[in-house]
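Input: a single structure, listed below in structure tokens.
Residue numbers (the numbering used here): 6 to 263.
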């Protein structure tokens, strides 16, 4: 998993940045337990991303998780966990819907620099932060979009334009599927990162899947190191084109799930 990007990490606006070798060692060890080998350059990118996130979090609510070990486990490793349910070597384009502070999109981009990414969020301040991260980390083939999924999914440039859609956004599965599946190519996938309530939501999402032209292909249940909470990865395959009426107008999918 070699980083092929030409740009170097830019720490010019982060004069207090110092490589945290302890953080990098813990991340490297945790990733290797998951079968992920990160280069020194990638570890440095994760390190700087963490430091930027913690600094920005002082003035902007990005995450409630700030402890080193918890960030490694609950943000970084969790974001990369989709490799256990999908072969990323067959993916060339990814959209992260409701990316927030950049999860799972930024960790996946660092780990798989050859894949094209679009990070989408409805809050402009978060997108501004992610633009800084992209620039400082020297990431290439990645863009951001300040938009709502209901609107962006009607843009011809993005509708059915991605091999994979990922989302850790906190929303009911039926609502989230309506947001995400329209972005996916036929035979592509939507991976939803869920907690223990994911199975209950899955049982209620059958009608939604039928209407949107998709089906659940695999469910993976796991726990993160040092955390007893159940986590689920839902691998949803898009089997046919999504009807043009979906997603419905802004606000409707959340208020009235399919």
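Cβ coordinates follow ideal geometry from the N, Cα and C atoms, glycine included.
So, using beta-carbon positions, are residue i and residue j closer together than 9 angstroms?
i: residue 115; j: residue 51; result: yes
i: residue 172; j: residue 103; result: yes
i: residue 178; j: residue 155; result: no
i: residue 242; j: residue 194; result: yes
i: residue 169; j: residue 82; result: no
i: residue 236; j: residue 198; result: yes
i: residue 134; j: residue 67; result: yes
i: residue 211; j: residue 239; result: no
i: residue 191; j: residue 165; result: yes
i: residue 90; j: residue 230; result: no
i: residue 31; j: residue 77; result: yes
i: residue 163; j: residue 176; result: no
I need the straight-line Cα distance from residue i to residue j, nearest angstrom please.
i: residue 138; j: residue 148; result: 11 angstroms
i: residue 109; j: residue 80; result: 8 angstroms
i: residue 54; j: residue 113; result: 13 angstroms
i: residue 46; j: residue 118; result: 11 angstroms
i: residue 262; j: residue 105; result: 22 angstroms
i: residue 61; j: residue 71; result: 11 angstroms
i: residue 111; j: residue 44; result: 16 angstroms
i: residue 49; j: residue 85; result: 17 angstroms
i: residue 92; j: residue 180; result: 26 angstroms
i: residue 200; j: residue 186; result: 20 angstroms
i: residue 214; j: residue 225; result: 18 angstroms
i: residue 98; j: residue 260; result: 30 angstroms
Check residue i in the structure and name its three-state DSSP category.
i: residue 55; result: helix
i: residue 92; result: coil
i: residue 221; result: strand
i: residue 149; result: strand
i: residue 178; result: helix
i: residue 141; result: helix
i: residue 65; result: coil
i: residue 188; result: helix
i: residue 162; result: coil
i: residue 253; result: coil
i: residue 23; result: coil
i: residue 98; result: strand
i: residue 226; result: strand
i: residue 263; result: coil
i: residue 79; result: helix
Would you call residue i buried or exposed, if buried means 16 or more other Cβ atoms sit within 10 Å of its Cβ?
i: residue 7; result: Residue placement at residue 7 cannot be trusted, given a pLDDT of 37 that sits under 50; what the coordinates show is reported in the next sentence. Answer is exposed; the Cβ neighbour count stays below 16.
i: residue 244; result: exposed
i: residue 131; result: buried
i: residue 1; result: Residue 1 lies beyond the residue range present for the chain, which begins at 6 and ends at 263; the question has no answer from this structure.
i: residue 26; result: exposed
i: residue 33; result: buried
i: residue 141; result: buried
i: residue 69; result: exposed
i: residue 56; result: buried
i: residue 232; result: exposed
i: residue 36; result: buried
In terms of DSSP beta bridges, what is residue i paired with?
i: residue 194; result: 169, 242
i: residue 119; result: Answer is none; residue 119 lacks a bridge partner.
i: residue 126; result: 151
i: residue 209; result: Residue 209 is not bridged to any residue.
i: residue 114; result: None, per the DSSP bridge assignment.
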